[in-house]
Amino acid sequence: MKQIVESAHLLIKNEKGQVLLVQRNDVPVWVIPGGKLNKREKPKNAAERELFEETGMSANANELVCILHTKNDTKKYLYTGKIKGGKIRKNDEARQIAWVFPHDLPSPMTLYHTRLIKRYASFKGKTENTVEEINIKKEIVNQAIMPSQFLLLLAHYIKNHLWGSKSFKIR
Numbered sequence: 028m029k030q031i032v033e034s035a036h037l038l039i040k041n042e043k044g045q046v047l048l049v050q051r052n053d054v055p056v057w058v059i060p061g062g063k064l065n066k067r068e069k070p071k072n073a074a075e076r077e078l079f080e081e082t083g084m085s086a087n088a089n090e091l092v093c094i095l096h097t098k099n100d101t102k103k104y105l106y107t108g109k110i111k112g113g114k115i116r117k118n119d120e121a122r123q124i125a126w127v128f129p130h131d132l133p134s135p136m137t138l139y140h141t142r143l144i145k146r147y148a149s150f151k152g153k154t155e156n157t158v159e160e161i162n163i164k165k166e167i168v169n170q171a172i173m174p175s176q177f178l179l180l181l182a183h184y185i186k187n188h189l190w191g192s193k194s195f196k197i198r
């Protein structure tokens, strides 16, 4: 039996209605702050920890928007929350950090994270628990639509995956 890999993400919205996103340093795609759970860590705590590690902002994960079970043995939690404090700061995981409007998302961004933001936008207070497929082929086609971005991502993937920087993974 395969072990399920769990990750948690925390989507924060400011008073203008913008959401906080991070452009990863290893492969420069825009994502919702988040990452893998540590051993015996609760998803809510992991989401708060990852937000702080990636952005310097501390927040309370208030509501669980959705739990996605993927066909490749992963389970992903999306929380929404409120900022408690801190100042935005870049680190070794983040190339850029930005507040953006959900209707004007930056590029390149994974289809998976785009779908999570859409789920958040339609959230009515009831947690959605669903099975979803993360399709790498669709992700590649999505990025290949803009050849220059695709080549940049491919170069980062090759550099990091083949030459030993951080391993490549889509969160």
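Numbering (our numbering), first residue to last: 28 to 198. The beta-carbon is built from N, C-alpha and C at its ideal position, and this holds for glycine as well.
Span separating the alpha-carbon of residue i from that of residue j
i           : j           : result
residue 67  : residue 80  : 19 Å
residue 121 : residue 73  : 17 Å
residue 104 : residue 52  : 22 Å
residue 10  : residue 100 : Lying before the first or after the last residue shown, residue 10 is absent from the chain, which here runs from 28 to 198.
residue 124 : residue 98  : 30 Å
residue 75  : residue 50  : 18 Å
residue 130 : residue 48  : 13 Å
residue 136 : residue 126 : 14 Å
residue 195 : residue 37  : At residue 195, the pLDDT of 41 sits below 50, so the modelled position is not reliable; the number obtained from the coordinates is stated separately. Cα to Cα, residue 195 sits roughly 21 Å from residue 37.
Residue interval of the alpha helix (DSSP H) (run including residue i)
i           : result
residue 143 : 138-148
C-beta atoms of residue i and residue j nearer than 8 Å
i           : j           : result
residue 150 : residue 92  : yes
residue 106 : residue 35  : yes
residue 87  : residue 111 : yes
Presumed contact (8 Å Cβ cut-off) between residue i and residue j, rounded CB distance
i           : j          : result
residue 33  : residue 78 : Actually they do not touch by this definition, with Cβ atoms about 16 Å apart.
residue 108 : residue 84 : Rounded, the Cβ-Cβ distance is 10 Å, inconsistent with contact.
residue 144 : residue 46 : 7 Å
Where the beta strand (DSSP E) through residue i begins and ends
i           : result
residue 71  : Where residue 71 is concerned, there is no enclosing beta strand (DSSP E), although the alpha helix (DSSP H) it sits in stretches over 70-82.
residue 50  : 46-51
residue 127 : 121-127
residue 34  : 32-39
residue 113 : 101-113
*Any contact of the stretch 137-146 with the stretch 51-59, i.e. 3+ C-beta pairs under 8 Å?*
Contact between the stretch 137-146 and the stretch 51-59 is present, because at least three Cβ pairs lie under 8 Å.
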